[in-house]
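Peer 1:
Residue numbers (mature numbering (1 follows the signal peptide of the UniProt record, and there is no 0)): -16 to -1, 1 to 174.
1. Going by the C-beta, is residue 5 closer than 8 Å to any heavy atom of the ligand COA?
2. What is the DSSP secondary structure of residue 78, reduced to helix, strand or coil?
3. When you compare the stretch 61 to 77 with the stretch 92 to 103, are there three or more beta-carbon pairs, one atom per stretch, that lie closer than 8 Å?
4. Output yes or no for whether 9 Å exceeds the beta carbon distance between residue 38 and residue 62.
5. Could you tell me if residue 45 is buried or exposed, where buried requires 16 or more neighbouring beta carbons within 10 angstroms of its beta carbon?
6. Over what stretch of residues does the alpha helix (DSSP H) that includes residue 98 continue unbroken?
7. Suppose the cutoff is 8 Å on Cβ atoms and the five residues either side in sequence are ignored; what does the same chain contact list for residue 96 look like?
8. Under a Cβ-count criterion, where at least 16 other Cβ atoms within 10 Å of its own Cβ denotes burial, should residue 43 be classed as buried or exposed?
9. Quick test of your reading: residue -10 and residue 41, contact by CB under 8 Å. State the CB separation rounded to the nearest angstrom.
10. Pull the bridge partners of residue 38 from the DSSP assignment, please.
11. Can you tell me the Cα-Cα spacing of residue 52 and residue 5, whole angstroms?
12. How is residue 62 classed by DSSP in three states: helix, strand or coil?
13. Out of curiosity, what's the CA-to-CA distance linking residue 12 and residue 92?
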């Protein structure tokens, strides 16, 4: 069972390293992560601070028609764009970056999740062979829950009456926790 668990985890590690090679490049956007060419406001049909992502005929993405220097709008097409090489036209949206690795990435990811979870059952079975270990784990888990949900002790700068009440409550909680530990160790001895 240990070998099956180890094999599934090593296989999952190898599969997860393939994510480095299965990916697409980010879209470069002129005006956002490429240097912007400043043009004059009177050349634009829009305000310089408006954002409308367009795809130029040169295959580049532009943050707005103003950045591309577009002067004419024909329904959803922009024409006479002085900063776009070639035809000088653009359309709204991102340019296709011809990335075809999404489906292989999805396939590897689904297989990775399947393989990674195969190791859970053998590890659970290894632990559940010894019933006393299960009891210990449950008791310790219960102790952690009880301890973590109890309020913190009061600060030393509080009044003497509150510190005396907190010391009496802490002594009662320590006696109850010690009785739980005695119960735990008594059950282990039998």
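Note that CB positions come from ideal geometry on N, CA and C, so glycine has one too.
Peer 2: On the basis of the supplied data:
1. Ligands in the displayed structure: none, and consequently the ligand COA is not present.
2. coil
3. no
4. yes
5. buried
6. 86 to 102
7. -5, -2, -1
8. exposed
9. That belief does not hold up - the Cβ atoms of residue -10 and residue 41 are roughly 53 Å apart, past 8 Å.
10. For residue 38, which the question treats as bridged, DSSP gives the partners 46, 76.
11. 33 Å
12. In this structure, residue 62 counts as strand in the three-state DSSP scheme.
13. 27 Å
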